[in-house]
Every structure is written in C-alpha cells, then in structure tokens.
Amino acid sequence: MSVERDSMVSSLKKIVIPILREKGFKGSFPHFRRIKENKIDLLTFQFDKYGGGFVIEVAVCPPDGVTHDWGKKVPSNKVTAHDLYNRLRLNGGEWFRYDAPSSDEGIFDILANGVLNCIPEAENYWEKI
C-alpha cells in the first residue's frame with residue numbers, strides 16, 4: 001500500500017468507522033455489515049487499483065447470506081457488497097480522489113468528512129430495499 005492510501009484509510013478509520021459502529025455496523029475495513037432481522041445492510045470501500053481514490057458501494061442481502069449463481073454460499077458473517085449484483089455506488093458514482101495535484105495533507109480528513117455526507121444516501125437505499 002502507498003503512503004497516501006495508508007493516510008486515507010487512517011482518516012476513514014478515525015472519522016467514518018466510529019459513525020458506522022454507532023449505526024450498528026460490524027466488520028473490518030474495508031467491508032462492513034449491519035445484520036437486521038430480515039436483511040443485512042452492506043457497505044464496502046473499494047480502492048482504485050492504480051491508487052489515488054476510492055468509491056463506496058452499498059447493497060442489501062437476505063439475513064442468511066447469499067448464494068452465487070455458481071452455487072457458492074457466502075454466509076451472513078462473510079458477505080460483502082461485492083457479492084451482490086444489485087448495489088449502489090454512493091456519491092453519484094463519483095470517486096473520492098486524493099491524488100489531485102492541488103491536494104494537501106488535509107485532503108484525507110476532508111474526504112473522510114465527505115463520506116459522512118453520503119451516509120444519508122446509503123440509509124435511504126437500505127430503507128427502500
């Protein structure tokens with residue numbers, strides 16, 4: 001991992017993850033799940049393989065997990081947003097970029113706070129499904 005990605009993950013863990021925990025999410029970075037009686041709300045941070053950015057994907061699955069088309073069963077304590085075809089990319093699908101030429105060291109906390117602004121969008125999605 002790059003120094004920049006490490007800094008971004010650190011800011012997300014400091015600013016965003018405590019809020020997810022307050023909202024009942026469990027899991028470890030980058031995959032989180034909130035198990036409810038009738039469903040599981042999922043949230044995954046996906047980093048750009050070339051560096052410099054990330055997106056957040058959310059999904060919902062049945063309370064017992066999901067079975068892929070090829071028969072592989074993913075249990076409720078292991079399922080991630082990537083296991084579902086139907087998922088929403090938050091922030092209008094836009095990547096959170098920390099590699100912009102004008103970025104300074106404060107960009108990591110700025111982006112993490114921007115993620116907090118996307119939580120209502122995620123909550124609306126989870127409510128509708």
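Start counting the sequence shown at 1; every next residue gets the next number (UniProt numbering).
We put the beta carbon where it would ideally sit given N, CA and C, even for glycine.
For A122, report the span of its beta strand (DSSP E) as first-last.
Careful: A122 lies outside any beta strand (DSSP E), inside the alpha helix (DSSP H) at I107 to K128.
Beta-carbon proximity list for T67, same chain, < 8 angstroms, skipping 5 on both sides:
If we look at T67 and ignore the five residues flanking it on each side, its Cβ neighbours are K73 and V74.
Judging by CA-CA distance, which residue of K128, N124, V3 and E94 is the nearest neighbour of F45?
Minimum Cα distance to F45 is reached at E94.
Confirm, please, whether the CB-CB distance from V55 to R89 is below 8 angstroms.
Yes.
What is the rounded straight-line gap between the Cα of P101 and the Cα of F25?
Their Cα atoms are separated by approximately 34 angstroms.
For W70, the nearest candidate out of D99, D83, P63 and G53 (CA to CA)
Residue D83 is the option with its Cα nearest to W70.
On the CB-based measure, 16 or more other CB atoms within 10 Å of its CB, does R21 come out buried or exposed?
Exposed, by the Cβ-count rule.
Whose CA, out of D48, P18 and F29, lies closest to the CA of S2?
Looking at the Cα atoms, D48 is the closest of the given residues.
Residue environment, R97, which counts as buried when at least 16 other CB atoms sit within 10 Å:
In this structure R97 is exposed. Its beta-carbon is surrounded by fewer than 16 other beta-carbon atoms within 10 angstroms.
G53 bridges to which residues according to DSSP?
Answer by DSSP bridge pairing, in chain order: R97.
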